[in-house]
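Residue numbering for the sequence shown follows our numbering, starting at 1109 and increasing by one per position.
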Amino acid sequence: MRAGRAGSAARPGASVRRRAERCRARRPAAPRPSSRAVSPIARSGGKAPGPDPSPRRHRVGCARWWPPQCPEGASRSGDPGRRRPHGGPGPVQYPRSGRRSRGRAAGPASCGGGRRMAQEHPGGGMADRLAAYRRALESVPMVTIRAAWSWPVRAPRAAGGPLVRSALGRELRRLTHGDDAGPEPLPAGCSCPYCAMFERRSVPGGARRDSSGWVSGLDSAPATWRMRCSRRDWDRGSFAIDLYGPSAERWALVVAAIEGMARRGLGGDRVRPRSLKIACDAMNGVPASLGRRIEDCEERLAGADSVRLVCATPLRLLRKGDLVITPSPGLIATSAARRAAALAALAGARPVPGPPTDVLNDAREIPFGVAGGWRRVAVTRYSARQGRRHPLEGCVGQLAIECAPADVLALLAAGSVSGVGKGLTFGFGTYRLVADDEPCAGPGTDGNRRSSGGTGPPNATS
1109 MRAGRAGSAA
1119 RPGASVRRRA
1129 ERCRARRPAA
1139 PRPSSRAVSP
1149 IARSGGKAPG
1159 PDPSPRRHRV
1169 GCARWWPPQC
1179 PEGASRSGDP
1189 GRRRPHGGPG
1199 PVQYPRSGRR
1209 SRGRAAGPAS
1219 CGGGRRMAQE
1229 HPGGGMADRL
1239 AAYRRALESV
1249 PMVTIRAAWS
1259 WPVRAPRAAG
1269 GPLVRSALGR
1279 ELRRLTHGDD
1289 AGPEPLPAGC
1299 SCPYCAMFER
1309 RSVPGGARRD
1319 SSGWVSGLDS
1329 APATWRMRCS
1339 RRDWDRGSFA
1349 IDLYGPSAER
1359 WALVVAAIEG
1369 MARRGLGGDR
1379 VRPRSLKIAC
1389 DAMNGVPASL
1399 GRRIEDCEER
1409 LAGADSVRLV
1419 CATPLRLLRK
1429 GDLVITPSPG
1439 LIATSAARRA
1449 AALAALAGAR
1459 PVPGPPTDVL
1469 NDAREIPFGV
1479 AGGWRRVAVT
1489 RYSARQGRRH
1499 PLEGCVGQLA
1509 IECAPADVLA
1519 LLAAGSVSGV
1529 GKGLTFGFGT
1539 YRLVADDEPC
1549 AGPGTDGNRR
1559 SSGGTGPPNA
1569 TS
């Protein structure tokens, strides 16, 4: 033991050297050099580089330096795979993976999203995008059915839209599945006209989100028809049904269902209306599309300094699950753009390329005023399948919109023709755009015949 101590004393620093050797043995091997990166020493011919005037912190674990400078003429914001270093402002660096890290927020113009968006959707400007909207909506067929009758002495005391929807669905189910069809749910995957119009259906493929954040495809099919039945329409015995896409091809079956429900009666009391009159665009040989109806509304509103948005039926717009009492033009335009994109993806020749972000931003910034006040309206509907009543809430009122751009008016016109919000098949989500020189009868009424969205009594009889 003394000899060992003497040997250790003869070799000073032996324990320190052994500790250093053990640390080097436990140290992980350096990563293999990448062929994409060239170190500054190799570029300078073996000489060490001088001090960097703009110090920056490099990524942990990188054995080599990535090229710190951009190539000549390259854009820092639009080229994929480029980002600024974590240490703050400085030259753009190339990460090893060429992609943005998972935890960093990436917008449409960051991480090369703008260039990829242009490659995936050629002509991605706002003008080209709105033109794509118009082409897609022009390929969506649309048929309007108007019905009017005279009520007997005792009329059903209920909301017109839910009552007509319930009677129409019962008669359409009887026509497609026989007289013995009850309120029980039909088998999953049934493609009958009743299920296509009244049951929630999933779309094959589902929704897909592209690099720009725009959702292409649908999780569920949108409502391909809507009921237009305001309180004034119901008091005088008239309503209208707009059919879009695949439902427009079944207009003859819908007309037969309206005639059948008038014979069998409406509501629990089975009240039968008299002298039924039905008018349909397809009967008169007038081909129409959703895009053509929107263009007609735009031509009527062209040159107007200010426009009034009048709710003919309650609007049911939700924000985080809560009902919006006073919706803004930006919220209505956003809902109209989403519904137009959904109808184009389902029944159009091609889906729309992306959201009209610039137009929606303009819609959020246009000045508007509340004319006539907004109020909450509650309507109940009866479900024969569940055997109970369900409340439906919406809001009615008017908006005075001033100095609206033509593109914003185009989106608002699309919403007036296709409907916005929830409850379209129950008679919700219908509004009209009225110019300054047109009279207005107030919310919940029809007003002038020239305004878009009014039903009016039919002229033809069946």
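Just so you know, even glycine gets a beta-carbon here, dropped at the ideal spot from N, CA and C.
Beta-bridge pairing by DSSP links residue 1419 to 1539. As computed with DSSP, residue 1347 is found in a beta bridge with 1255. Here residue 1384 has 1257 and 1370 as same chain residues with Cβ atoms under 6 Å from its own Cβ, once five neighbours each way along the sequence are excluded. Looking from the CA of residue 1454, the closest CA among 1307, 1123 and 1249 belongs to 1249. The alpha helix (DSSP H) runs lying completely inside the stretch 1427–1501 and spanning 4 residues or more are 1437–1455 and 1465–1473, given in chain order. Checking the DSSP bridge columns, you'll see residue 1335 partnered with 1349. Judged by beta-carbon spacing, residue 1281 lies within the 7 Å limit of residue 1302, meaning their Cβ atoms are closer than that value. For residue 1508, the enclosing beta strand (DSSP E) has its first and last residue at 1506–1510. Under the DSSP assignment, residue 1271 falls in the alpha helix (DSSP H) whose first and last residues are 1268–1285. Taking all protein chains shown into account, residue 1415 has 16 or more neighbouring C-beta atoms within 10 Å of its C-beta and is therefore buried. The DSSP-derived three-state label of residue 1300 is coil. Scanning 1534, 1465, 1435 and 1477 for the CA closest to the CA of residue 1503 turns up 1435. Relative to the Cα of residue 1366, the nearest Cα in the group 1279, 1446, 1417 and 1270 belongs to 1279. In this structure the stretch 1478–1494 does not lie against the stretch 1396–1414, because fewer than three pairs of beta carbons, one per stretch, are closer than 8 Å. Looking at the DSSP output, residue 1250 shares a beta bridge with 1352. Looking only at 1338, 1464, 1488 and 1130, the smallest Cα-Cα distance to residue 1240 is reached by 1464. Spanning the alpha carbons of residue 1244 and residue 1466 requires a straight line of approximately 19 Å. If you check the CB distance, residue 1529 and residue 1424 come in under 7 Å. For residue 1526, the uninterrupted alpha helix (DSSP H) run begins and ends at 1514–1526, by DSSP. Look at residue 1374 here: in three-state DSSP terms it is strand. With 16 or more neighbouring CB atoms inside 10 Å of its own CB, residue 1441 falls in the buried class. With a threshold of 16 other beta carbon atoms within 10 Å, residue 1429 falls short and is exposed. With fewer than three CB-CB distances shorter than 8 Å, the stretch 1373–1384 does not count as touching the stretch 1346–1364.
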